[in-house]
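In the numbering used here, the protein residues as written are 13 to 213.
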């Protein structure tokens, strides 16, 4: 059996340690190189600041998860539909064509006069072969004059002049009575036109 001096064994041991250290350094280099693309990808992505996060959070609250306002912020149901409705009196001809009868209707506050006139005109829908296509309400606030412009349907078999005295009173008289008796509108006089032209009966 060969015996080596202790000093020689020490040299061999030191060489082994150095060789092992060289192998480990290669592994470290591989890890560093593998992590480099990840770092580059992170830097390339858009940075998110604290302010952006807060703004995004507020946007989520305002719009909800589906991009719409949350249900709690949107009026819905019967209450929302009637919030701006008010009651106003209208006057229509009675069945015997003797006098005007007061009825109460609900209309939108910002369009009360227009809608009240529409309710009165709707009551004349039973006129035989007489068909209105539409109407327009023009108020001159400086004079209190209201001009009602009526548009006869092209399919109507009858003209304004062919209306009976009772029908004329039911249409024109009811509209006039409704406008003049609603004091909040301060209407002084009512005129009727047909497509902008003076209506002659």
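Note that the Cβ used here is the ideal one computed from N, Cα and C, for glycine as well. It should be emphasised that the depicted structure is a prediction, and the values quoted were computed from it without experimental measurement.
Residue i in three-state terms, based on DSSP
{"i": "residue 114", "result": "strand"}
{"i": "residue 126", "result": "helix"}
{"i": "residue 175", "result": "coil"}
{"i": "residue 213", "result": "coil"}
{"i": "residue 207", "result": "coil"}
{"i": "residue 199", "result": "coil"}
{"i": "residue 181", "result": "helix"}
Residue span of the beta strand (DSSP E) that contains residue i, given as start and end
{"i": "residue 146", "result": "144 to 152"}
{"i": "residue 97", "result": "97 to 105"}
{"i": "residue 163", "result": "157 to 164"}
Start and end residues, alpha helix (DSSP H) containing residue i
{"i": "residue 187", "result": "186 to 193"}
Classification of residue i by the beta-carbon crowding that lies within 10 angstroms, buried from 16 upward
{"i": "residue 213", "result": "exposed"}
{"i": "residue 129", "result": "buried"}
{"i": "residue 195", "result": "exposed"}
{"i": "residue 104", "result": "buried"}
{"i": "residue 141", "result": "exposed"}
{"i": "residue 134", "result": "exposed"}
{"i": "residue 209", "result": "exposed"}
{"i": "residue 207", "result": "exposed"}
{"i": "residue 177", "result": "exposed"}
{"i": "residue 173", "result": "exposed"}
{"i": "residue 137", "result": "exposed"}
{"i": "residue 186", "result": "buried"}
{"i": "residue 167", "result": "exposed"}
{"i": "residue 179", "result": "buried"}
{"i": "residue 188", "result": "buried"}
Contact check, residue i vs residue j, beta carbons under 9 angstroms
{"i": "residue 121", "j": "residue 143", "result": "no"}
{"i": "residue 132", "j": "residue 102", "result": "yes"}
{"i": "residue 163", "j": "residue 145", "result": "yes"}
{"i": "residue 190", "j": "residue 159", "result": "no"}
{"i": "residue 117", "j": "residue 127", "result": "yes"}
{"i": "residue 100", "j": "residue 157", "result": "no"}
{"i": "residue 139", "j": "residue 211", "result": "no"}
{"i": "residue 151", "j": "residue 119", "result": "no"}
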